[in-house]
Amino acid sequence: MSDKILKELTLKIWRQQNAKAKGGFETYKIRDVSGGTSFLEMLDILNEQLVSENKEPVAFDHDCREGICGMCSLFINGRAHGPDDEVTTCQLHMRRFRDGETITVEPWRSGAFPVIKDLIVDRKAFEKILQAGGYVSVTTGGVPDGNAIPVANEKAEEAMDAAACIGCGACVATCKNSSAMLFVSAKVSQLALLPQGKVEAARRARAMVATMDELGFGNCTNTGACESECPKKISVEHIARLNREYLKAKLQE
Amino acid sequence: MNKLNAKIPEGSLGEKWSNHKAHIGVVSPANKRKLDVIVVGTGLAGGSAAASLAELGYNVLSFCYQDSPRRAHSIAAQGGINAAKNYQNDNDSVYRLFYETIKGGDYRAREANVYRLAEVSGAIIDQCVAQGVPFARDYGGLLDNRSFGGALVSRTFYARGQTGQQLLLGCYGALNRQIKNGGVKVYSRHEVLDIVVIDGKARGVIARDLVTGKIERFGAHAVVLATGGYGNVFFLSTNAMGCNVSAAWQAYKRGAFFGNPCFVQIHPTCIPVHGDQQSKLTLMSESLRNDGRVWVPKKKEDAEKLQAGTLAPNDIPDAERDFYLERRYPAFGNLVPRDVASRAAKERCDAGFGVNNTGKAVFLDFKYAIDRLGEETIRKRYGNLFQMYEKITAVNPYKNPMMIYPAIHYSMGGLWVDYNLMTTIPGLYAIGECNFSDHGANRLGASALMQGLADGYFILPYTIGDYLAKEIQTPRVKTDAPEFEEAENRVTGRLRALYDIKGTKSPDHFHKHLGHVMWDHVGMARDAAGLKEALRAIEELKKEFYRDLRVTGDFTAMNNELEKAGRVADFFELASLMTRDALERAESCGGHFRLESVTEEGEARRDDDLFRFVAAWEYKGEEAEPALHKEALAYENIQIAQRSYK
């Protein structure tokens, strides 16, 4: 396979010195990028260029570069993780862009995710939601044999669909209300589907939703934008299950 | 004084761990509250250790360089986790898992440690199921298994191609529960850059807050390193971009011995390198070798046409395909261990049979499995991996064979630890990939997850109690001690020295060059001449690094370049030690292949008379040569033999 070469690209990138500073777009030119280069490798090339000009490179979050750690983010040409479907930014490749194109790169925009520097945002709010109850309360040791409780294949598969969430925040960044419902529902749904998680399902749904609300995420108005931009295609059906679980929990009160 | 006391308990192999647990110290609940433990790293080993220690009642301080514990690179493990459950009734047992792990490691791992690993493996699965890990299940609702390389039974548990992710999220859940309960405080976006030793004991760490750039001190009664592997010394690897050796390396410089640094694993099934601006390599899970057949053309002219792009792989008839793993290793076929599969691919490519434009790729073909099982079954088993492959290469692997090539993946070497997982610095522990202990010279697939969780859930929480039971009189460690001051100054001085060079080349520039040297001379095939050349080239490049490095940005602020510079500086020093170790070990074993030591058939030839030991290196100072200590390996329960997968 021989990839095309993009002779010249214009990059408009959000630069912001720190959380308190005022940010703005800077424009850069980059030349001769192979279509087989990943988007983040393209930013690596830009950063090498900036270092050679004795300028400060663009700060962006990334780690595994295999689409699974959830560390990378970026709003690219107005879309979370860029124009390709079902990929994170680190798995987006330059063959998706045209030669001569102008590419706009911004951080996630959400009040709950403040910018730390350039394209890096603080996603601690997600941590706090999970700390509120996104787990099964078991202690190490003293658990039954793995095969003691059968789990229907379909339930396990559906739980796995939900559990595939990588916690990147694309759903929040995409939602016009900055709602975290898809993120919260993925965890609530995964654990509610499994017998191991059912025991405290009500408490979990209540606690996680309450924390989400406290942290300033917006309401869900069922636009479905989150699902369409989710790199792992987490379905909004999980939001429906979260709503059911939440309602059940409220009725139990 | 012999510092290399592995402290293997008395008794028969099957009794050692039980005996040991029965006789080691235990800290009372009231005293646990008064004891602080630092855990560096939040992958499967660090995350499970931090959660389990907090559940016991210790105060845990947990560190990770990422923005969340959930991002640690265990998350990228795809294929599965081994456990000797014998759910398949295929005659699996603790002994068989133990035996296959020792054999897979080419008889360079410690018997007692590996047996214990096999013993606790079953409990890991139980624990993960209880946490809500959605393992694959059969239609009866019971746990499903798949096969992995180097094993004659099916003992690998999996959650699609995202097993590492699911296990890590389970353990992250346990960690979150303890954070909420106040038992763990997490310091994310913090990089640990030194270990503080007071009166010979590990008493804390120095960390850099990656957001503010401030250097901070943290004290504790014990320190646990769970910082993963050092594959990034090769620049291109399957490791995450941030994976580094820095905390482990500083531990080495403070007195912890480094075990078998030359033992690194080259994974046979990675997406081939596409160009010189590539930043990392992507793994295609070993589980694919369950259903994929590895081949290159039989005829060189076909290979040349593939390289030139004038022949399509599907146009080569079966009779003209060389399924070289099945041909060379009929007993294990495509499921030979990783080191064997990697070398076989290199052998074919070096002989001119590579199948892409660089000549450095072989085919992994699913046509046969799709013909037999249907596309839907294959999609169910490997859908996400196939999707990832297509996104990266723009080739549809349902229609065309995948192209793969070996890449650096895992470090079997690491900090030397005794049976308690304690390094040669009292109170400093190393767990998971960070230590050297369980995989010998080659790790079997799906055993890294097993070891990380075994160490963190079921071994360290017991063994650290033995040490801490003697520390209950020690008050909270204050960070105003002169040793903390000295360590902080050392860290600041080291970073400042890098920052002040004000040269012209980025840290990445040097890292890439170092990677080339390591891959060329300390990679899949090594010989004395090449290793000596590597030592010279590393020194030369290191001098240039300290003369011409450029670190842009502010010193006391978020600065990715400064982070990278510090990591590369440590990789340079590690690279020398790895090369020295590889030179010293003039035998082939596991992932370490010395061209001088092969059988007539071209297979690796171990030399048990001269090299049946763990090489534990002691730091002797900046200018001095490191000292080699040897821990002899005794095999009392296994008949030691040349490994054969034929």
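Read top to bottom, the protein sequences are chains V and R. Plus 3 on top of the position in the first sequence (first one is 1) and you've got the numbering used here. Anchor point for the second sequence: position 74 equals 69 in the numbering used here, and the numbering is continuous, going up by one each time. In this text, a Cβ means the ideal position worked out from N, Cα and C, and glycines have one as well.
Whether residue i touches residue j by CB criterion (8 Å)
i, j, result
"R:LEU572", "R:PHE229", "no"
"R:ALA104", "R:GLY435", "yes"
"R:LEU288", "R:ASP360", "One point to set straight first is that residue 288 of chain R is Arg, not Leu, in the sequence displayed. Yes, they are a contact pair."
"R:ALA67", "R:GLN73", "no"
"R:ILE174", "V:GLN134", "yes"
"V:ASN115", "V:GLY26", "The question names Asn, but residue 115 of chain V in the sequence shown is Ala. No; because the gap between Cβ atoms is not below 8 Å, this pair is not in contact."
"R:LEU455", "R:ILE420", "no"
"R:GLU556", "V:PRO60", "yes"
"R:ARG212", "R:ILE201", "yes"
"V:GLY227", "R:MET383", "no"
"V:GLN20", "V:LYS120", "yes"
"R:ALA339", "R:GLY349", "no"
"R:GLN260", "R:GLY460", "no"
"R:GLY597", "R:VAL331", "no"
"R:LEU(-1)", "R:HIS624", "yes"
"R:GLY422", "R:ALA107", "no"
Reduced DSSP secondary structure (H/G/I, E/B, other) of residue i
i, result
"R:ALA199", "It should be noted that the sequence gives Gly, not Ala, for residue 199 of chain R. Three-state result, R:GLY199: strand."
"V:TRP111", "coil"
"R:GLU478", "helix"
"V:TYR31", "strand"
"V:PRO198", "helix"
"V:LYS23", "coil"
"R:HIS404", "strand"
"V:VAL90", "coil"
"R:THR487", "helix"
"V:ASN80", "coil"
"R:ILE533", "helix"
"R:ASP345", "helix"
"V:PRO117", "coil"
"R:GLY168", "helix"
"R:GLY41", "helix"
"R:GLN260", "strand"
"R:TYR182", "strand"
8 Å contact criterion, which residue i and residue j should meet: CB distance rounded
i, j, result
"V:ARG126", "V:CYS93", "16 Å between Cβ atoms; not a contact."
"R:GLY156", "R:LEU444", "Not quite, the Cβ-Cβ distance comes to about 13 Å (not below 8 Å), so this is no contact."
"V:CYS174", "V:CYS229", "4 Å"
"R:PHE663", "R:ARG638", "With chain R running from -4 to 641 in the structure shown, residue 663 of chain R is simply not present."
"V:LEU122", "V:LEU77", "6 Å"
"R:ALA577", "R:CYS238", "Not really, about 21 Å apart at Cβ, beyond 8 Å."
"R:GLY127", "V:VAL191", "Contact flag wrong, Cβ pair sits at about 11 Å."
"R:LYS11", "R:ILE467", "At roughly 27 Å, the Cβ-Cβ gap does not stay under 8 Å, so R:LYS11 and R:ILE467 are not in contact."
Span separating the alpha-carbon of residue i from that of residue j
i, j, result
"R:ILE119", "R:ALA113", "10 Å"
"V:CYS171", "R:ARG203", "24 Å"
"R:MET398", "R:HIS15", "48 Å"
"R:GLY616", "R:VAL472", "27 Å"
"V:ALA32", "V:VAL154", "The residue you asked about is not Ala; residue 32 of chain V is Lys in the sequence shown. Rounded to the nearest angstrom, the two C-alpha atoms are 54 Å apart."
"V:GLU240", "V:ASP35", "43 Å"
"V:GLU248", "R:LEU205", "39 Å"
"R:LEU163", "V:ILE169", "11 Å"
"R:ILE190", "R:GLY347", "49 Å"
"R:ARG376", "R:ARG132", "12 Å"
"V:GLY149", "R:THR474", "44 Å"
"R:LEU276", "R:GLY250", "33 Å"
"V:ALA204", "V:LEU254", "13 Å"
Proximal residues of chain V, C-beta to C-beta of residue i below 8 Å
i, result
"R:SER274", "SER41, LEU43, GLU44, ASP47 and ARG68"
"R:LEU138", "GLY149 and ASN150"
"R:GLN126", "TYR138, VAL139, VAL141 and GLN199"
"R:HIS68", "ASP66, CYS67 and CYS72"
"R:ARG249", "What R:ARG249 touches in chain V: nothing, since even the nearest Cβ is about 27 Å away."
Partners in chain V for residue i, counting only beta-carbon separations shorter than 7 Å
i, result
"R:MET236", "HIS65, ASP66 and ARG68"
"R:TYR452", "THR143"
Residues that residue i contacts on chain V, provided the C-beta gap is smaller than 9 Å
i, result
"R:ALA476", "Under the 9 Å cutoff, chain V gives no residues; its nearest Cβ is about 32 Å from R:ALA476."
"R:ILE399", "Chain V residues near R:ILE399: none, gap ~14 Å exceeds 9 Å."
Residue i: CB within 7 Å of a non-hydrogen atom of the ligand COA
i, result
"V:THR40", "Annotation note on the ligand COA: not contained in the displayed structure, which lists no ligands."
Contacts that residue i makes with chain R (C-beta to C-beta distance below 8 Å)
i, result
"V:GLN94", "MET383, LYS386 and ILE387"
Chain-ordered neighbours of residue i on chain R, where CB pairs are closer than 7 Å
i, result
"V:MET163", "PRO129, ALA154 and ARG155"
Contact set between residue i and chain R, taken where Cβ atoms lie within less than 9 Å
i, result
"V:GLU217", "Those do not exist, as V:GLU217 stays about 14 Å from chain R at its closest Cβ, beyond 9 Å."
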